[in-house]
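Q: Positions -17 to -1, 1 to 151 (mature numbering (1 follows the signal peptide of the UniProt record, and there is no 0)) are the ones given, in order, by the sequence shown.
Heads up, the beta-carbon is just placed ideally off N, CA and C, and yes, glycines get one too.
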Amino acid sequence: RWITLIFFLHLFGQIFCDGGGTIWATAEEEALDEVNDSQLFQAVLDSVRDWEARHHNRTRAKRAESSVCYSDVGCFEDTGYLDMVPSRPEDVATRFLLYSARHSRSSDIPLIDVPFLNMTGAYQWAGKAFNMSAPTKVIVHGFGSSCSNIWVYEMRSALMSIEDCNVP
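1. So who's on the other strand from Y94, going by DSSP bridges?
2. Any beta-carbon of chain D closer than 8 Å to the one on S129?
3. Where does Y64 fall in DSSP's three states?
4. How would you write the range of the alpha helix (DSSP H) that S140 sits in, first residue to last?
5. Give the secondary structure of R32 by DSSP, where H, G and I count as helix, E and B as strand, and everything else as coil.
6. Are the segment 50 to 58 and the segment 111 to 128 touching, with three or more C-beta to C-beta distances below 8 Å?
7. Helix, strand or coil, according to DSSP, for V150 in the structure here?
8. Report the partner residues of R78 according to the DSSP bridge assignment.
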């Protein structure tokens, strides 16, 4: 990868540079621009190295098993367009959020935020905030999405504006 990047930078420099300047900048402007290039290049290298370190063990590959079960969240099969089973909840930092009409409808802060590793305590916490007489609407953002995406907020807000409900 690095050889490709260096080759591209070298090729770009040979195509567009003429006497120290580019077709867009004068030689003086280009010289001023060169002052921080080594720091910028090092920052790019550091950033890529950090990203690779964070994602080194986060590979998604088709597993041999066609189904998998995780306690507290259920069983999954490798059917559908992804043809894969999900990673362990601990690996993807699964969490459950609860919004209730007892809490402000416009608040972006959940009434309860339960990490998967503390699911057994969720039942006790939910009893304090869950409105048992109100319907419950569950939003599942799905693979590749996140509960912080704007559409999840908009859907939750729309559901809670129509009726008094729990949205976990």
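A: This is what the structure holds:
1. By one-based count along the sequence shown, residue 94 stands at place 111. Per the sequence shown, residue 94 should be read as Leu rather than Tyr. L94 pairs with nothing; no bridge assigned.
2. Any reference to chain D falls outside this structure, which holds one protein chain only.
3. For the purposes of this step, residue 64 is identified with residue 81 of the sequence shown, where counting begins at 1. Y64: coil per DSSP, three-state reduction.
4. Indexing the sequence shown from 1 puts residue 140 at position 157. Per DSSP, S140 belongs to the alpha helix (DSSP H) from 133 to 145.
5. Taking the sequence shown and counting its residues from 1, one reaches residue 32 at position 49. DSSP places R32 in helix when its eight states are reduced to three.
6. no
7. Here residue 150 is taken as the residue at index 167 of the sequence shown, counted from 1. Reduced to three states, the DSSP call for V150 is strand.
8. As a working mapping, residue 78 is identified with position 95 in the sequence shown. According to DSSP, R78 bridges with P98.
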